[in-house]
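Quick notes on the structure that follows.
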Amino acid sequence: MIHGKPAGDLISPAENTWCPGCGNFSIEHMMKSALAELSESEGIGLEKFVLVGGIGCHGKLVDYLNVNSYYAIHGRAIPLATGIAVANPDLRVICFVGDGDTYAEGLGHLIFAAKRNADITVIVHDNRVYGLTTGQYTPTSPYGFKGRSTPGGITERPINPLELMLVSGATFISRGYTKRLKPLKETFKEAILHKGFSFVEILQICATYFNRTDCYNEQVYAVADEGLGTASFDQALAKSREWDYTSKTRIPLGTFYRREMPVFGEKFQEFSRREKRREEAVRDLLEGYR
Amino acid sequence: MRDYSVMIGGKAGEGINTAGLAIAGIFTHLGYHVYMYFDYPSLIRGGHNFAVVRAAEQKIGAHRDTDDILLALDQNCIDRHTGRIRDDTVIIHDTYRVVSAGGHPVDVNRILDEENAPAITRNSAILGAFCSAAGIGRDVLEDVFGKTVPEKYLDVNLRVAGRGGDAVDEVMRIEALNRPGLPVLTGNEVAGLGLVRGGLDTFVAYPMTPTSNLLHFLAGHADDLGVKVIHPENEIAVMLMALGLAYAGDRTAVCTSGGGFCLMTEGLSLAGMSETPVTIVLGQRPGPSTGVPTYTAQGDLHFALNAGQGEFPRFIVAPGDLEEMYAWSAGALSLSWKYQIPSIVLVDKTLAEGGYTFDIDAAGPIPQYETQLWDGTEPYRRYRDTESGISPLAFPPGSGAPVKANSYAHDEVGFTTEDAEGIAGMQEKVLRKAEGLRRDVESARAVEMAGKPDAGTAIVCWGSQKGACIEAAERFDARVVRPIILAPFPAEQWRSATAGADRVIAVENNATGQLARLLRQHGFPVDDLALKYDGRPFSVDELAGRLAEVIG
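As you go down the protein sequences, you meet chains H and X in turn. Numbering follows the working numbering, with no gaps: position 241 of the first sequence is 241. Numbering follows the working numbering, with no gaps: position 44 of the second sequence is 1044.
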């Protein structure tokens, strides 16, 4: 049993192939610690966590942690994760998705998971560039970004994922940064414990194709420092609009919004426990057709 | 042999389907076997809808070209179907809406006025007149309405039906057969029941004709049947949700048609690689693309056989009637779990939306296959290499070690691999499952033969064309050979079922002869094709005519 093992044993034997300096290491280790601490403090058995990965550098994380996982396909981690959560509401399902993965290929799924308040946590590794396919623009690349498919610079503006998630109905919205480790871990724990759809956007350093460390270090600040609450939609909207993913304005980090709402699939829980009489149920129903 | 055909037609949105089912219910009450073909354009109101209800003493699965009774709710019913009207066809029509027809007028407007009845009861006047003309007692209609009409509308419908009956005298007598009636259901409904019988926990679908009614049926009966029913944002999400549900232990099925199945194919391939069971009810309609949404075709056989990148085993079954639909919807689900593969129940609009007499006791034993579960004796490895290729299943949190499913090539634990030996080994493990599956298919009743077993002429068909082929073949003393299971193809059974046949004619609802192509791929000859690709199924008479031309 993996239950009760110290956090160090959560690292799997799979060979790690991220570039040196990759922001994914921060996410991996802070998630590992978050899971171990939740197991310890909340009594959630490690066997109850299920990680679902998209395809991209981020997805490798599910190989690297010794936890239940489903390494899914590009853009589609979220509906798969929703299925797992509906089948067994006792599981804690965490999706690791990329910005190309979920904001381009799978955007519809992200919006619908927020809309239906699926009881899953979505961690977006937003490095604002495609890594595995070697350096093209993504939906959050800044205006003018020169990628391998757009050498003249993009003429479209980035989407603002926090704003999008807020208006789509997400009930937990947060932003982290891979160079701010402790807040990242705390955000993970809060997001996992939140009942309903938790959205965590992480500004992740891509050491090879788009290293924004200097800019981020200069621009970021913690929303908590301003002593604001997380209950106001309007305030969260204003905060999420403070930075437009292109300009050099301040970038707020932390939890912007949190709200309790009924979760998707709650009504199913009564019949998943019901004793089923297959043949009898079918014959009873047929009687109505005679 | 008593054998009747009744057509009812009118404007879309006026309850023609419901009226057709009521006629089917009346025949059922009298002890007949029924088949109902429902023809409707892709619109909500207006246009012309009609239903042909055929009733016979023996089991039937196809309509005929002419009618004994025609119930015309509008002029289109006469003008568009002149070919269906014989000299002795009894025509009953709505006086105000049909201006030129012989036969028996019913002054429906006046009846509704005098009974202070809502417009929705129009059809009841015609149904009452039908019963009266056919010598069917009012008690029969009362019984049928009693079961189908909501209680608060029952009285007014019966009054209107009674007045309709008064308007027409008995002109023929449809005798009761003095045997208990069997229920009439659609293929969609029976697919739902079969899936439930096979152990369905959850059903996920995005609506698309011709299988939307399977989604509606299971959603409507979710509580009675104990099934979770989910309608997500699109077919991509449908397939992915289904795989997530199965990963966590829920037996899950989905339904769609060709266009939706296109979207599902990336998830289908994921099911193949991650070895996650899923059952797909795929209802065909004419393509390519949007095609003819509310009509029928058998054009997606090779799509179903080949959908998804990469090489992985799959099970495809094409039921030919409701009894096979029931047994094999259950069997498909069960096999998908035994082998952790996708199972496809390949149907078409004809079977999915057609109404048929359903005899659950004639469905035979339900094909059941055991799911291999982790026995806890050794540390869990999701993709453990075994002789059968089947790696036992375990579900979090009860697996003792992490359950790691993967869309990448992977090792036994489920970690991604690019190791040459590992890639080849896992591919071979997956394909070994196909060998066991093939043995299970050859041990099941995978090929059905009807007609004259030693006839030199073999008519071959698949799916919904079973009924028409069996009846038409009688006129030529031919045998009818039909694969129920299409993948893996039951070659041994096919060889013996076609032994001695010197002329093989494939009857299909497509333009290129897709079963014929599959047979040729397996080395079985096909001499002639009788194809129909106008969106309509073969009637018995039309098919007999085509076969006469081919056979010469």
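No residue lacks a Cβ here, since even glycine has one placed at the ideal position from N, Cα and C.
Asked, Found
"Residue 1423 of chain X to residue 1410 of chain X, Cα distance in whole Å?", "7 Å"
"Tell me whether residue 1488 of chain X sits in a helix, a strand or coil according to DSSP, three-state version.", "coil"
"Would you kindly report the start and end of the unbroken alpha helix (DSSP H) that includes residue 1131 of chain X?", "1122-1133"
"What is the residue span of the alpha helix (DSSP H) that residue 1284 of chain X lies within?", "That residue, residue 1284 of chain X, is in no alpha helix (DSSP H); its beta strand (DSSP E) goes 1278-1284."
"Would you give the residue range spanned by the alpha helix (DSSP H) that residue 1220 of chain X belongs to?", "1212-1220"
"Is the CB of residue 39 of chain H under 7 Å away from at least one CB in chain X?", "no"
"Per DSSP, what kind of secondary structure is residue 1473 of chain X in: helix, strand or coil?", "helix"
"I'd like the span of the alpha helix (DSSP H) that includes residue 1551 of chain X, first residue to last.", "1540-1551"
"What whole-angstrom Cβ distance do residue 1197 of chain X and residue 282 of chain H have, given they're in contact under 8 Å?", "5 Å"
"Any Cβ of chain H within less than 7 Å of the Cβ of residue 1036 of chain X?", "no"
"I think residue 258 of chain H touches residue 187 of chain H, with their Cβ atoms under 8 Å apart; what is that distance to the nearest whole Å?", "Actually they are not in contact, since the Cβ atoms of residue 258 of chain H and residue 187 of chain H sit about 11 Å apart, beyond 8 Å."
"How would you call residue 1048 of chain X, buried or exposed, if buried means at least 16 neighbouring beta carbons within 10 angstroms?", "buried"
"Can you tell me whether DSSP reads residue 1 of chain H as helix, strand or coil?", "Any reading at residue 1 of chain H must be qualified, since the residue scores a pLDDT of 38, below 50, and its modelled position is unreliable; the value itself is stated next. Here residue 1 of chain H sits in coil by DSSP."
"Find the residues of chain X that neighbour residue 163 of chain H, judging by a C-beta separation of less than 7 Å, and give them in chain order.", "Ordered by position in chain X, no residue passes the 7 Å Cβ test against residue 163 of chain H, which lies about 20 Å from the chain."
"Just mark residue 1 of chain H as buried or exposed, buried being the case when its beta carbon has 16 or more other beta carbons within 10 Å.", "Low confidence applies to residue 1 of chain H: its pLDDT is 38, below 50, so where it sits in the model is not reliable enough to give any reading."
"Note down the Cα distance separating residue 1003 of chain X from residue 1057 of chain X, rounded to an integer number of angstroms.", "7 Å"
"Please tell me whether residue 263 of chain H and residue 196 of chain H are closer than 7 Å, where the distance is taken between their beta carbons.", "yes"
"Could you tell me which whole beta strand (DSSP E) segments of length 3 or greater appear in the stretch 1059-1101 of chain X?", "1067-1072 and 1085-1094"
"Identify, in the order they occur along the chain, each residue of the same chain with its Cβ nearer than 6 Å to the Cβ of residue 303 of chain H, setting aside the five sequence neighbours on each side.", "Missing from the structure shown is residue 303 of chain H; chain H here goes from 1 to 290 and no further."
"Which value, in whole angstroms, describes the spacing of the CA atoms of residue 1426 of chain X and residue 124 of chain H?", "31 Å"
"Using a Cβ cut-off of 8 Å, pull out every chain H residue sitting near residue 1360 of chain X, in sequence order please.", "282, 283 and 286"
"Quick test of your reading: residue 1226 of chain X and residue 1395 of chain X, contact by CB under 8 Å. State the CB separation rounded to the nearest angstrom.", "Actually they do not touch by this definition, with Cβ atoms about 19 Å apart."
"Given a threshold of 16 other Cβ atoms within 10 Å of its Cβ, counted over all protein chains shown, does residue 1365 of chain X qualify as buried or as exposed?", "exposed"
"So, residue 1203 of chain X versus residue 1229 of chain X, is the Cβ gap smaller than 7 Å?", "yes"
"Name, please, each residue of chain H whose Cβ falls closer than 8 Å to the Cβ of residue 1221 of chain X.", "285"
"Using C-beta distances below 6 Å, list every residue in its chain close to residue 1039 of chain X, excluding the 5 sequence neighbours before and after it, in chain order.", "1050"
"If you run the structure through DSSP and keep just helix, strand and coil, what is residue 1405 of chain X?", "strand"
"Measuring CA to CA, which of X:1493, X:1311 and X:1463 is closest to residue 1429 of chain X?", "X:1311"
"Do the CB positions of residue 1397 of chain X and residue 1373 of chain X come within less than 7 Å of each other?", "no"
"Between which two residues does the beta strand (DSSP E) harbouring residue 252 of chain H extend?", "251-258"
"Just checking, does the stretch 1211-1225 of chain X make contact with the stretch 1234-1247 of chain X on the three C-beta pairs under 8 Å criterion?", "no"
"With C-beta atoms as the reference, is residue 1190 of chain X less than 7 Å away from residue 1325 of chain X?", "yes"
"I'd like the span of the beta strand (DSSP E) that includes residue 203 of chain H, first residue to last.", "198-203"
"Closer than 6 Å by C-beta to residue 4 of chain H: which residues in its own chain qualify, once you throw out the five before and the five after it? Chain order, please.", "In this prediction, residue 4 of chain H scores a pLDDT of 42, lower than 50, which makes its location untrustworthy; the coordinate-derived value is nonetheless stated afterwards. For residue 4 of chain H, where only same-chain residues beyond five positions count, there are no Cβ hits under 6 Å."
"Among H:128, H:105, H:173 and H:146, which has the Cα closest to the Cα of residue 122 of chain H?", "H:173"
"Please compile the residues from chain H whose C-beta is within a distance smaller than 9 Å of the C-beta of residue 1264 of chain X.", "Neighbours of residue 1264 of chain X on chain H: none; closest Cβ ~11 Å, over 9 Å."
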